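A.B. asks: Letter 235 of the sequence shown, counting from 1, is numbered 1040 in the working numbering, and no numbers are missing. Every residue, glycine too, gets a C-beta built ideally from N, C-alpha and C. Source: prediction; values computed, not measured. To start, I am sharing the structure in question, which I have written as structure tokens.
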Amino acid sequence: MKINGYELMLSSDGTFKLDGGAMFGVVPKPVWEKYFKSDVNNKITLATNVLVIRKDKNVALVDLGMGDKFDSKLEKIYEINRTKTLLQDLSEKGIRREDVTHILITHGHLDHTGWATFNRQGTIEPTFPNARYFIQEETLKEIREPNQKTRPNYNYLNFENLDSQLELLNGDEEVFPGVELVKSGGHTKGHQIVILRTGNSVFTYFGDLIPTSAHIKPAYVMAYDLYPMDTFSKKIELLQRAFEERWTLFFEHDPVMPAAKITDIEKYSLGPVSI
Ligand SMILES: [Zn+2]
């Protein structure tokens, strides 16, 4: 989609699987199964929708899929399925690694940060050599100081040899004209969302605050969320504005409806948007 000099695209690093119950928290299975069919192990298939924002010389990527630093144990857990990697998909869209100027990371979990670095024959290097990587300082703290509950959600290799390219934020920040990072908390303490405003149009990438269109209702909070009541109240606040201002919402993990607008705020109904 092109709008007012901005180009928006969705790229992908394939799909992976997570436990359906964990993805939907207190929502009963008969309810969430209307949206996601589960396999014999109760797992559901999730997308890795990476938002690309291009404006003049700025090329921003929002989140970075699963990457190439999985050992066989992790591969078995996540069942990554891709015919091409994020880098191959970007290349087909005319974007080389060297072209990327801004990496906007919602939070540090391994399914959002995979291509922050890559494995060059055993050496971990930044994947995007000319990019600044924008994360909340609290997110880096959460990555560097995990506890027994949070450790399995991180892959420390995704942030190895990357320090000189990190932009550590404390709160909201406009990264280039029209593109703002807004700290949301909820899913993790340092979680941030991306809001693009141009003319009367607003586009919002929710990261794991609202991972799929099936999580649109405020009470549909993942069991992974560390601060579920913060997720709940933030969703109510943001979705009210999203309805009033007709925002286009991006859902990072939705394999069917990656972008939508709210058509009814009482029922939290959605209508798909093609990008
Ligand atoms: Zn997450």
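Taking DSSP's pairing of strands, which residues face residue 884 in a bridge?
C.D. replies: Bridge partners of residue 884: none, in fact.
A.B. asks: Measuring alpha carbon to alpha carbon, tell me which residue in 1038, 1007 and 849 is nearest residue 1021.
C.D. replies: With distances taken between Cα atoms, residue 1021 lies closest to 1038.
A.B. asks: On the premise that residue 1059 lies in contact with residue 852, defined as a C-beta separation below 8 Å, what is that separation, rounded to the nearest angstrom?
C.D. replies: Residue 852 to residue 1059, Cβ: 6 Å. Contact.
A.B. asks: Is it buried or exposed, residue 1070, if we count other Cβ atoms within 10 angstroms and call 16 or more buried?
C.D. replies: With fewer than 16 other Cβ atoms within 10 Å, it is exposed.
A.B. asks: Would you tell me roughly how many angstroms separate the C-alpha atoms of residue 890 and residue 816, rounded to the nearest one?
C.D. replies: Answer to the nearest angstrom: the Cα atoms are 10 Å apart.
A.B. asks: Return the CA-CA distance between residue 1031 and residue 869, expressed in angstroms with no decimal places.
C.D. replies: Distance between the alpha carbons of residue 1031 and residue 869: 21 Å.
A.B. asks: What does DSSP give as the partner residue(s) for residue 1081 in the beta ladder?
C.D. replies: No information on residue 1081 is available, as it lies outside the stretch 806 to 1080 that the chain covers here.
A.B. asks: Express the C-alpha separation of residue 872 and residue 894 in angstroms, rounding to a whole number.
C.D. replies: When rounded, the distance between both Cα atoms is 13 Å.
A.B. asks: For residue 912, list the residues DSSP reports as bridge partners.
C.D. replies: For residue 912, which the question treats as bridged, DSSP gives no partner whatsoever.
A.B. asks: For ligand 1, which residues count as neighbours when the test is a C-beta closer than 7 Å to any heavy atom?
C.D. replies: Per the Cβ criterion, the list is 912, 914, 916, 917, 958, 992, 993, 1013 and 1029.
A.B. asks: Any idea which residues DSSP pairs residue 1018 with across the strands?
C.D. replies: Paired residue(s): none; residue 1018 is not in a bridge.
A.B. asks: On the three-state DSSP scale, how would you describe residue 1071?
C.D. replies: Coil, per DSSP.
A.B. asks: Starting from residue 835, trace the alpha helix (DSSP H) in both directions and tell me its first and last residue.
C.D. replies: Counting along the chain, the alpha helix (DSSP H) containing residue 835 begins and ends at 834–837.
A.B. asks: Of the choices 921, 995 and 910, whose alpha-carbon is the least far from that of residue 942?
C.D. replies: Minimum Cα distance to residue 942 is reached at 995.
A.B. asks: Going by DSSP, what residue range makes up the alpha helix (DSSP H) through residue 1037?
C.D. replies: 1033–1049 is the span of the alpha helix (DSSP H), which, as asked, contains residue 1037.
A.B. asks: How many whole angstroms separate the CB atoms of residue 885 and residue 821, which I take to be in contact at a CB cut-off of 8 Å?
C.D. replies: The pair is a contact, with the Cβ atoms about 5 Å apart (cut-off 8 Å).
A.B. asks: Name, in chain order, the residues that DSSP records as bridge partners for residue 821.
C.D. replies: Answer is 851, bridged to residue 821.
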